[in-house]
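Engineer: Input: one structure, supplied below.
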Amino acid sequence: MLCCFGQAACRCFGNICGSRLSTASRIGYALMFLLSSSLSWLFLTDWAIKNLQGSIPGSAYLHVTCPQGKCYGVLAVTRICLATSLFHLLLALLMLNTKNSRDWRASVQNGFWGFKLISWAGLVAGAFFLPNEFVVAWRTYVDMPGAAIFIQIQFLLLIDCAYATSESLMEAYEGTDDKLLCVCVLLVLTYKEALSILEGAVPISVLK
C-alpha cells in the first residue's frame, strides 16, 4: 500500500501528465489538503458525532458541552487543523536553508509520501489526546487571529490579481480595439467581485 504513495508513484504520475516532479509534488500536497479538509468536514457531521463519540477509547475525554449544544465536531476540526499545521511547520523547518534540489532534504519535500502520510495521520491521532482546555485556548488565541490574517492576505492577493488581470486586458483592448476583450474585462471584474463577497461571507457565516 505504501508504494502507492512513494516517490516512484509520484514520478510516474508526473511523467504521465507530462509534468516535472515538483509539479507532481504540488499536486500531492493539494491532495493532502483535500484529505485534511474532507476529514474536517466529516467530523462536523452528525454521522461522525453519533458514531465516533463513544466508539473510540477515551472519546468521553474529548467530549465537552457548549451553551449551543455539543461542540465535539468543532474541537475535532481544531485538532485536525492543529495537527496539519504542525506537520507543515515541521516540514518547513526541515527545509530551512535548502539551496537546491540536490540537497537530500529536497527528496523529502518531493518524495517519501508514505512516510509523510503516516506522520500526518499520527499527528492527527495524537492531537485527539490533547486536553480540551489547550484546544479551546489554541482556537481562541491562535486559530481565530491567524484565520483573520489569512483572510486579509487573501483579499490583498485577490485585489492584486484582479488589478493585474484587468490592466492586461485593458492594454490588449486599447491595442486591438476588440469588443470581446472589453466583455472579458467586465466578466473578470464581476467574477472577482462575487468571489471577494463570497470569501468574506463564508467565514462570517461559519463564525455565527
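Numbering (the numbering used here), first residue to last: 616 to 823. Beta carbons are placed, not taken as given, at the ideal position from N, Cα and C, and that holds for glycine.
Going by DSSP in three states, D775 sits in which element: helix, strand or coil?
Structural biologist: Taking the first residue of the sequence shown as 1, we reach residue 775 at position 160. Looking at D775 - three-state DSSP - the assignment turns out to be helix.
Engineer: What do you reckon, are the CB atoms on D758 and T693 nearer than 8 Å?
Structural biologist: Mapped onto the sequence shown, residue 758 falls at position 143. Mapped onto the sequence shown, residue 693 falls at position 78. Closer than 8 Å, so yes.
Engineer: Going by alpha carbons, who is nearest to L649 out of T699, S716, G790?
Structural biologist: In the sequence shown, the residue the question calls residue 649 occupies position 34. Of the listed residues, the one whose Cα sits closest to L649 is T699.
Engineer: Quick check on DSSP: helix, strand or coil for N747?
Structural biologist: Your numbering for residue 747 matches position 132 in the sequence shown. If DSSP states are grouped into helix, strand and coil, N747 belongs with the helices.
Engineer: Per DSSP, what kind of secondary structure is S716 in: helix, strand or coil?
Structural biologist: As a first step, residue 716 must be located in the sequence shown, where it is residue number 101. In this structure, S716 counts as coil in the three-state DSSP scheme.
Engineer: How many Å lie between K714 and A639 at the Cα?
Structural biologist: Mapped onto the sequence shown, residue 714 falls at position 99. Mapped onto the sequence shown, residue 639 falls at position 24. If you take the alpha carbons of K714 and A639, they lie about 20 Å apart.
Engineer: Counting only the same chain and skipping the five closest in sequence on each side, list residues whose C-beta sits under 7 Å from that of Y644.
Structural biologist: Position 29 of the sequence shown holds residue 644. If we look at Y644 and ignore the five residues flanking it on each side, it has no Cβ neighbours.
Engineer: DSSP state of L701, grouped into three classes?
Structural biologist: What you label residue 701 is simply residue 86 of the sequence shown in a count that begins at 1. In this structure, L701 counts as helix in the three-state DSSP scheme.
Engineer: Would you call W728 buried or exposed, if buried means 16 or more other Cβ atoms sit within 10 Å of its Cβ?
Structural biologist: Translated into positions along the sequence shown, residue 728 becomes position 113. Burial call: buried.
Engineer: Which first and last residues belong to the alpha helix (DSSP H) in which V757 is found?
Structural biologist: The residue you call residue 757 lines up with position 142 of the sequence shown. Run containing V757: none; DSSP gives neither H nor E here.
Engineer: So what's M710 in DSSP terms, helix, strand or just coil?
Structural biologist: Walking along the sequence shown from the start, residue 710 turns up at place 95. DSSP places M710 in coil when its eight states are reduced to three.
Engineer: Hey, S652 and F702 are a contact pair by Cβ (cut 8 Å); roughly how many whole angstroms apart?
Structural biologist: Taking the sequence shown and counting its residues from 1, one reaches residue 652 at position 37. Taking the sequence shown and counting its residues from 1, one reaches residue 702 at position 87. Not a contact, Cβ separation roughly 14 Å.
Engineer: Have a look at L690, L705, L732 and flag the residue whose alpha-carbon is nearest the alpha-carbon of F658.
Structural biologist: Translated into the one-based positions of the sequence shown, residue 658 becomes position 43. Looking at the Cα atoms, L690 is the closest of the given residues.
Engineer: Assuming the contact rule is C-beta atoms closer than 8 Å, A742 and I812 should be a hit. Round their C-beta distance to whole Å, please.
Structural biologist: As a working note, residue 742 is residue 127 in the sequence shown. As a working note, residue 812 is residue 197 in the sequence shown. Contact doesn't hold; Cβ gap of about 34 Å is too wide.
Engineer: Looking only at its chain, what residues have a beta carbon closer than 8 Å to the beta carbon of R720, apart from the 5 residues adjacent to it on each side?
Structural biologist: Locating residue 720 in the sequence shown gives position 105, where the first residue counts as 1. Counting only Cβ-Cβ distances below 8 Å, and skipping sequence neighbours, we find L709, M710, T713.
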